[in-house]
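If you read the sequences in order, they're chains A and B.
By the count of the numbering used here, the first sequence reaches residue 763 at its end, each step adding exactly one.
By the count of the numbering used here, the second sequence reaches residue 1763 at its end, each step adding exactly one.
We treat Cβ as the ideally placed atom computed from N, Cα and C, and that holds for glycine.
To start, the structure itself, in structure tokens.
There are 2 protein chains.
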Amino acid sequence: MDDLSPGIGQYDDFHTIDWQRDIARDRMRHRYIVKKRTESICDLIRGTHDAWSGWLCVLLVGVAAGAVAGVIDIGTQWMKDLKDGVCPQAFWLNREQCCWSSNDTLYEDYYCAQWYTWPELLGYFRKDAWSFIISYILYVLWSLIFAGLAVLLVRTFAPYACGSGIPEIKTILSGFIIRGYLGKWTLVIKSVGMILAVASGLSLGKEGPLVHVACCIGNIFSYLFPKYGKNEAKKREILSAASAAGVSVAFGAPIGGVLFSLEEVSYYFPLKTLWRSFFCALVAAFILRSINPFGNDHLVMFYVEYTRNWLFVELVPFIILGILGGLVGTIFIKGNIRWCSYRKQSQLGKYPITEVLVIACITAIISFPNTYTRMNTSDLIKLLFSQCGVADVSLLCDYNRNFTNVNSRIEIAEAGPGVHKSLGLLTLALIFKLCITIFTFGIKVPTGLFIPSLVMGAIMGRMVGIGMEQLAYHYPHLWVFQGACSTGENCLSPGLYAMVGAAACLGGVTRMTVSLVVIMFELTGSVKYIVPLMAAVMASKWVGDAFGRRGIYDAHINLNGYPFLDSKEEYTYTALATDIMTPRRNEGPLCVITQDSMTVDSIENVLKSTDHNGFPVVVSQESQYLVGFVLRKDLTLALGNAKKTQEGVVGESYVLFTSHLPQPVSGPTAVKLRKILDMAPITITDQTPVETVIDMFYDYLELLQRRMFCGTSNNLAMKIQNLCYLTKIRKLYLKKLVNNYCRFLMVDDLYMWILQLWSSTFL
Amino acid sequence: MDDLSPGIGQYDDFHTIDWQRDIARDRMRHRYIVKKRTESICDLIRGTHDAWSGWLCVLLVGVAAGAVAGVIDIGTQWMKDLKDGVCPQAFWLNREQCCWSSNDTLYEDYYCAQWYTWPELLGYFRKDAWSFIISYILYVLWSLIFAGLAVLLVRTFAPYACGSGIPEIKTILSGFIIRGYLGKWTLVIKSVGMILAVASGLSLGKEGPLVHVACCIGNIFSYLFPKYGKNEAKKREILSAASAAGVSVAFGAPIGGVLFSLEEVSYYFPLKTLWRSFFCALVAAFILRSINPFGNDHLVMFYVEYTRNWLFVELVPFIILGILGGLVGTIFIKGNIRWCSYRKQSQLGKYPITEVLVIACITAIISFPNTYTRMNTSDLIKLLFSQCGVADVSLLCDYNRNFTNVNSRIEIAEAGPGVHKSLGLLTLALIFKLCITIFTFGIKVPTGLFIPSLVMGAIMGRMVGIGMEQLAYHYPHLWVFQGACSTGENCLSPGLYAMVGAAACLGGVTRMTVSLVVIMFELTGSVKYIVPLMAAVMASKWVGDAFGRRGIYDAHINLNGYPFLDSKEEYTYTALATDIMTPRRNEGPLCVITQDSMTVDSIENVLKSTDHNGFPVVVSQESQYLVGFVLRKDLTLALGNAKKTQEGVVGESYVLFTSHLPQPVSGPTAVKLRKILDMAPITITDQTPVETVIDMFYDYLELLQRRMFCGTSNNLAMKIQNLCYLTKIRKLYLKKLVNNYCRFLMVDDLYMWILQLWSSTFL
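Here it is in structure tokens:
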């Protein structure tokens, strides 16, 4: 069926795939199956299986992604409570579950008698400074242990498991091959490492890495179906669906996941993939909901229910939040990229374990005293998003209210000392989170930055929201609030501001738009606030773009020099092909091979003296009409073979690319090489704009040559380092047009020939 | 700046645009502006204006679309109440508004003393059979008047304003030119006609036509910005955004609109367009909300709030609903297409006004007696989606409840006689709607089918829902309901089933998936039911696809023979280029022009004896090496010019495509035509699969030649008819490869040459 010889259709590591060929191969395969389907029952079954295998594969991927995400959620929940204490009766329960079994409903924040904090476990039951110090020390210790374990696992077993993985997945989906990046070891280590890293309290989230994990699952399952496993282009359809499932389980946002896959990561996204991605995301979300790792029935992570509509005037603070989000995003991206490139260039990169431990230590030491940083980041986001109830006694809800019963209307009220205190703590938390996340994103443990970005934005938003609320309380008759706040009812929810701020900040960091707004919907379950969210996200994107067009993922792709051709980027070169090609118009002749007047020796000389990947074959030196294009590798092989196997072939033998022999048949046996000639190479004139040339390259370009790498070692860690040195490789593909005296650009299957032939020799 | 001569870049009516060239032109323009920006303040301002003009344009489009939609909503509301009666105090008020002013809060269904029904207005105040008959007659009369007005307006002023417009917009967005289809007359007449058609009570909706209206607005505004107005490819970015705005205002679903634009209508959808579409959709929705045509603050059209989660076992009826939806969709599509093609072929097509009047008459006569069909379709959907309150006294909520107060829990209850009666009425309504919509969609008034599809599905869903509910009531201890319905609480909402059914049915008709689910969310405000909706929509799509892959829009495109290359369609041709090209391998020589050995006369002979659009230029008849490709139109023009303007050019003059003169310089003056030669035509070998050939055509093919049309009249009505005769034109593009002895396929700017030259003559 697949009439390609083994090895063909396989790509080397760090090479770019040929979309056209792979898709054509799949079509051939499909045609074969369709044709055969009528022949026998067995073939019919095989054909039907083939038709459904795409759906089956995404179903499996969805189920597995949901299950893995459930396990990770449960594991994270348990481990992060371990920093606080343990359930001696049943150590495998986390604090919440431990307290469920106690039937002790009168606990605050899920503390109960069954749960032993570390001081208590050490026999110290008083709540004084010593207890605090013991908790503190153990908190830091556990953080260090978890972080150390995570980095050790990553270093030892799967170096690819570090980071968020999204930049690499974008690159892979754009057609690059990184062997092992989506392998089973990466899957296992990333899952475990993620639990440890999140539990260690580092400023990172597990949402980005979950996308990587889901893609690993997609990759592994694709091998069950040769249609996908053996065809890199088709495999990317499964990977697109898997990345949608990843976001889906990360946020419980299936539609957001599909849009994320579409907007952010995918490169080749036919409509069929859209449907499959949707299905995959949905199955994953459904499975996760069935596992129910949080013990509540909400698929929605930060479910909020605001009772009021937003006012038109509130658009102003929302847009301000958007601008702030864009600024924070820019600061974060610039800071993080600067730190990462410093790490790359300096000695620091050689001590990843130390780096992780130092950062974990600093994070733990600074986090513990501030309740808002000590608590789990997701819980903090939930708290910031929430609306203050009347009977709420937490710091953030300490308003001077005169309420009579708990069912009374929640009126707008003056902020009490608790709110002021929490504002201070939140400011500290914001500064700390921003600084530490810059240093954290990029260390050698699984790190995601959705949650850190969201929390920064939520803090900002909540603060602005409280400000607006107090403004409305103190000046209820201001014209802007008219008709809304004068009745004394709760006319502004600081929680809504937190939500908008979170979206703005995440937008500033990642530069997502549509998918982000949809994720925020699904995250909070509120469709009503589409306009505020959208206004903030657009403002954030515009502000961010003003300072630099790249989101954090694109910035990291650029930093690591992955060969990602960004389809969003616009080229503004004004050059024509004639300006960049070599030899230039009057720079001497093109290096060509003639169809019937060169000997084996002369061709071998040409091969030796140049390093082009291929040569145009022309009628004769005087009459340079294009006959075809021949590849260096084919030519070398064919000449070698001929010398070995064909009798009478010597250095003086003529090499013929014609189908007829030249008239005076004399001399030694000629070598006929017409069969290796590509008789329809793509040609372009030298007046073609460089942009068009680049466009034509998109599909065909074999971007990276093995020789660009420092080594070909199989050691994974080595490869990563090699990858890291490949900075600015993106710019190379333009240089490749210019350097190496090359007018011939090897592309995988079709050969592009910048046609100077006609113009420079005849004009 | 634009260095193209006038006329270049303009396309004829019913021609296909050249995406590549238009995009390249825009790049050139952009480059020019960027370069000039540094020169002076004025240029800087111009550059900035240019950079923002895309956003500004979609902003204006959004505002206008929102405003127009608001006007249409208000107009529709007023007109459809006119069938019932009038507000004598202020005739411009609709019933609801009329009753507001009365302060008479004790009305049921918005009837009050201020509102006069027609019998009352005629002085007949009793409620008896005569009153019913008068109402009936006036209802039918008004229907006929409205429908007649609508069709007259459409026929007289804007024949393009008929139908839903979505198939044509898909075609236009795929790169086809239909002049006037998006013009101002179409806009005005479609808006007015839509109000009349909806008010007439025909089984149609205004949602589809709103997309057309929004696209008209987009088209009109694009002319304010030369960047878009003068570049057909760029204009389509604005149109994509406008179609998103159309759906956004139709359903109050901005995100759904963007996805609809992406999934259903658009062809070329870069990411920048995604953001702009989002922005445009949002602005439009916001403006519509500010106009507040319905008088309630909900942006959400059918806001529902179900109190319960769905059960796992309910997935079974949901999937059954999906299957039913797929079947109904298939029946509808097949029936409608059959009726439309009958209309096209028979005499019926000549009497559009009669047809509309007959259908309006039948619709009105059958609708009036049945409350569910008499009421406005949107209201019916809202009713079907809603949950029965305890104190609800409508037919559909007539349960045998033993409730004590209105705040008591809504328990599951036995259906009363009212429910049974309403089930009967709903069955009749379903059958009627299905039949009449088949005949209605395609008549010469603006017709949308979102609402009719939704209502069919909602009826089906509600019926299944009531069935499930009664099952759960009578057998509460069935294992499938265990733990949910045994407590007697309201464990199943028939309204949810109605929602799922509506989605399934709309999915079956249009084959939308992701966008449909998102629209349903935004329509109902409930994110919780993603899994049921999705399951039903996928089931519906699969069932529908099993009976025919085309949704209603694609079916209509196919029926009308629009040149739409469906990127979703898969080609399963097994042929190679060699199988379809002519002349075949051994069928005699290719028709070529030699570079320096043909005279003016001999070339003119070639032009006369063939009708290829272009010819390959080769070295000589014996040595057929490709020099370039020359277009028939260029060749004709150049030869004519040479004979007129150049002295000494006669029939025996040689025509030279070389840059040097042939050695024996004798005879009359030669004509040098090297400048019209394309020296880098795209060539493919005869071993190329036909699919690849088709792929290469996608971008380049000038699909329709003027001569394929029956006439070139400027009369719009005539053009529509011409369009209608062009059935099966899609298949022509493959035939074009084969017929006409043509191996040369004219494409706009680049020329494709099926390269038989090398292989057939030399192998």
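Whole angstroms are fine: how far does the CA of alanine 245 of chain A sit from the CA of asparagine 231 of chain A?
Locating residue 231 of chain A in the first sequence gives position 231, where the first residue counts as 1. Locating residue 245 of chain A in the first sequence gives position 245, where the first residue counts as 1. Each residue's alpha carbon lies about 21 Å from the other.
Please state if the CB of leucine 1210 of chain B and the CB of cysteine 1057 of chain B are separated by a distance shorter than 8 Å.
Locating residue 1057 of chain B in the second sequence gives position 57, counting from the first residue. Locating residue 1210 of chain B in the second sequence gives position 210, counting from the first residue. Against a cut-off of 8 Å, the Cβ pair of leucine 1210 of chain B and cysteine 1057 of chain B comes out as no contact.
Could you have a look at lysine 334 of chain A and say whether DSSP puts it in helix, strand or coil?
Start at 1 with the first residue of the first sequence, and residue 334 of chain A comes out as number 334. Reduced to three states, the DSSP call for lysine 334 of chain A is helix.
Please list the segments of the alpha helix (DSSP H) lying wholly inside the stretch 162–241 of chain A, counting only runs of 4 or more residues, in order along the chain.
166–173, 184–199, 207–222 and 226–229
Indicate the three-state DSSP secondary structure (helix, strand or coil) for asparagine 641 of chain A in the structure shown.
Here residue 641 of chain A refers to the residue found at position 641 when the first sequence is read from its first residue. In the structure shown, asparagine 641 of chain A sits in a helix (DSSP, three-state: H, G or I).
Tell me which same chain residues have a C-beta within less than 6 Å of the C-beta of alanine 1158 of chain B, skipping the five on either side of it?
Mapped onto the second sequence, residue 1158 of chain B falls at position 158. Cβ within range, chain order: Trp1185, Thr1186 and Ile1189.
Where does leucine 1701 of chain B land, buried or exposed, given buried means 16+ other C-beta within 10 angstroms?
Indexing the second sequence from 1 puts residue 1701 of chain B at position 701. Summary for leucine 1701 of chain B: the model assigns pLDDT 36, below 50, so the residue's position carries little reliability; its value from the coordinates is reported in the next sentence. Leucine 1701 of chain B should be labelled buried.
Under a Cβ-count criterion, where at least 16 other Cβ atoms within 10 Å of its own Cβ denotes burial, should glutamate 1237 of chain B be classed as buried or exposed?
For the purposes of this step, residue 1237 of chain B is identified with residue 237 of the second sequence, where counting begins at 1. Taking all protein chains in view, the Cβ of glutamate 1237 of chain B is crowded by 16 or more other Cβ atoms within 10 Å, so the residue is classified as buried.
Just to confirm, are valine 356 of chain A and valine 213 of chain A a CB contact at a threshold of 8 Å?
Taking the first sequence and counting its residues from 1, one reaches residue 356 of chain A at position 356. Taking the first sequence and counting its residues from 1, one reaches residue 213 of chain A at position 213. Their beta carbons are not under 8 Å apart, which means valine 356 of chain A does not touch valine 213 of chain A by this criterion.
So which of B:Phe1439, B:Ser1540 and B:Ile1033 has the shortest CA-CA distance to leucine 1321 of chain B?
The residue labelled residue 1321 of chain B in the question sits at position 321 within the second sequence. That would be B:Ser1540, whose Cα lies nearest to the Cα of leucine 1321 of chain B.
Does the beta carbon of threonine 1513 of chain B come closer than 8 Å to any beta carbon on chain A?
Stepping through the second sequence from its first residue, residue 1513 of chain B is reached at position 513. Yes, contact with chain A.
Of all Cβ atoms in chain A, is any one closer than 8 Å to the Cβ of valine 1617 of chain B?
Here the question's residue 1617 of chain B lines up with position 617 in the second sequence. No, no contact with chain A.
Are the CB atoms of valine 1649 of chain B and valine 1600 of chain B within a distance shorter than 8 Å?
Indexing the second sequence from 1 puts residue 1600 of chain B at position 600. Indexing the second sequence from 1 puts residue 1649 of chain B at position 649. A contact, by the Cβ cut-off of 8 Å.
Does any C-beta atom of chain A lie closer than 8 Å to the C-beta of isoleucine 1381 of chain B?
Along the second sequence, read from residue 1 onward, the residue named residue 1381 of chain B stands at position 381. Isoleucine 1381 of chain B does not count as touching chain A.
Kindly indicate if chain B contains any beta-carbon less than 8 Å away from that of leucine 656 of chain A.
Start at 1 with the first residue of the first sequence, and residue 656 of chain A comes out as number 656. No, because no Cβ of chain B sits closer than 8 Å to the Cβ of leucine 656 of chain A.
Would you kindly report the start and end of the unbroken beta strand (DSSP E) that includes glycine 614 of chain A?
Residue numbering aside, residue 614 of chain A sits at position 614 when the first sequence is read from its first letter. Counting along the chain, the beta strand (DSSP E) containing glycine 614 of chain A begins and ends at 614–618.
Go ahead and pull the three-state DSSP assignment for alanine 415 of chain A.
Numbered from 1 along the first sequence, position 415 holds the residue referred to as residue 415 of chain A. Looking at alanine 415 of chain A - three-state DSSP - the assignment turns out to be strand.
Looking at the C-beta of leucine 60 of chain A, does it have a partner C-beta in chain B at a distance below 8 Å?
As a working mapping, residue 60 of chain A is identified with position 60 in the first sequence. Chain B, which has no Cβ nearer than 8 Å to the Cβ of leucine 60 of chain A, makes this no.
Using a C-beta to C-beta distance shorter than 8 Å, which residues of chain B count as neighbours of methionine 534 of chain A?
For the purposes of this step, residue 534 of chain A is taken as residue 534 along the first sequence, with counting starting at 1. Near methionine 534 of chain A (Cβ distances below 8 Å), the residues of chain B are Pro1254, Phe1278, Phe1279 and Leu1282.
Do you know offhand how far glutamate 414 of chain A's Cα is from leucine 423 of chain A's?
Within the first sequence, the letter at position 414 stands for residue 414 of chain A. Within the first sequence, the letter at position 423 stands for residue 423 of chain A. In a straight line, the C-alpha of glutamate 414 of chain A is about 14 Å away from that of leucine 423 of chain A.
Applying a beta-carbon distance threshold of less than 9 Å, which residues of chain B neighbour methionine 538 of chain A?
As a first step, residue 538 of chain A is located in the first sequence; it is residue number 538 there, counting from the start. Simply Trp1275, Phe1278, Phe1279 and Leu1282.
When the Cα of arginine 550 of chain A is compared with those of A:Ile331, A:Asp22, A:Ala642 and A:Ser222, which residue comes out closest?
As a working note, residue 550 of chain A is residue 550 in the first sequence. Of the candidates A:Ile331, A:Asp22, A:Ala642 and A:Ser222, the one whose C-alpha sits nearest the C-alpha of arginine 550 of chain A is A:Ile331.
Can you tell me the Cα-Cα spacing of proline 417 of chain A and cysteine 397 of chain A, whole angstroms?
As a first step, residue 417 of chain A is located in the first sequence; it is residue number 417 there, counting from the start. As a first step, residue 397 of chain A is located in the first sequence; it is residue number 397 there, counting from the start. Spanning the two alpha carbons is a distance of roughly 10 Å.
Just confirm the distance between the C-beta atoms of proline 167 of chain A and histidine 420 of chain A, as a whole number of angstroms; I'd bet it's less than 8 Å.
In the first sequence, counting from the first residue as 1, residue 167 of chain A sits at position 167. In the first sequence, counting from the first residue as 1, residue 420 of chain A sits at position 420. Between the beta-carbon of proline 167 of chain A and that of histidine 420 of chain A there is about 41 Å, and that puts the pair past the 8 Å contact cut.
The alpha helix (DSSP H) spanning leucine 1093 of chain B covers which residue range?
Counting from 1 along the second sequence, the entry for residue 1093 of chain B is found at position 93. It is not in any alpha helix (DSSP H) - leucine 1093 of chain B carries neither H nor E in the DSSP assignment.
Measuring CA to CA, which of B:Thr1658, B:Ala1498 and B:Pro1476 is closest to methionine 1598 of chain B?
Here residue 1598 of chain B refers to the residue found at position 598 when the second sequence is read from its first residue. Residue B:Thr1658 is the option with its Cα nearest to methionine 1598 of chain B.
In three-state terms, what does DSSP make of histidine 556 of chain A?
Taking the first residue of the first sequence as position 1, residue 556 of chain A is located at position 556. Three-state result, histidine 556 of chain A: helix.
Please classify asparagine 1094 of chain B: is it buried, with 16 or more other beta-carbons within 10 angstroms of its beta-carbon, or exposed?
Indexing the second sequence from 1 puts residue 1094 of chain B at position 94. Buried: at least 16 other Cβ atoms inside 10 Å.
Please report the distance separating the alpha-carbon of valine 1283 of chain B from that of glycine 1066 of chain B.
The sequence position of residue 1283 of chain B within the second sequence is 283, counting from 1. The sequence position of residue 1066 of chain B within the second sequence is 66, counting from 1. Approximately 8 Å, taken between the alpha carbons.
Assuming contact is defined by CB atoms lying nearer than 8 Å, are phenylalanine 432 of chain A and isoleucine 366 of chain A in contact in what I supplied?
Position 432 of the first sequence, counted from the first residue, corresponds to residue 432 of chain A. Position 366 of the first sequence, counted from the first residue, corresponds to residue 366 of chain A. Taking 8 Å as the Cβ cut-off, phenylalanine 432 of chain A and isoleucine 366 of chain A qualify as a contacting pair.
Phenylalanine 1629 of chain B by DSSP, collapsed to three states: which one?
As a first step, residue 1629 of chain B is located in the second sequence; it is residue number 629 there, counting from the start. Three-state DSSP puts phenylalanine 1629 of chain B in a strand.
Start and end of the alpha helix (DSSP H) containing valine 1068 of chain B?
Stepping through the second sequence from its first residue, residue 1068 of chain B is reached at position 68. First-last of the alpha helix (DSSP H) with valine 1068 of chain B: 1041–1082.
For a contact meaning CB atoms closer than 7 Å, what does phenylalanine 286 of chain A contact in chain B?
The count along the first sequence starts at 1 and reaches residue 286 of chain A at position 286. Residues of chain B whose Cβ lies closer than 7 Å to the Cβ of phenylalanine 286 of chain A are, in chain order, Val1531.
For the stretch 1516–1553 of chain B, which segments carrying the alpha helix (DSSP H) assignment without a break, of at least 4 residues, lie completely within its bounds, in sequence order?
1530–1547
Under a Cβ-count criterion, where at least 16 other Cβ atoms within 10 Å of its own Cβ denotes burial, should lysine 1234 of chain B be classed as buried or exposed?
Locating residue 1234 of chain B in the second sequence gives position 234, counting from the first residue. Burial call: buried.
Look up cysteine 505 of chain A in the DSSP assignment and say whether it is helix, strand or coil.
Position 505 of the first sequence, counted from the first residue, corresponds to residue 505 of chain A. It is helical.
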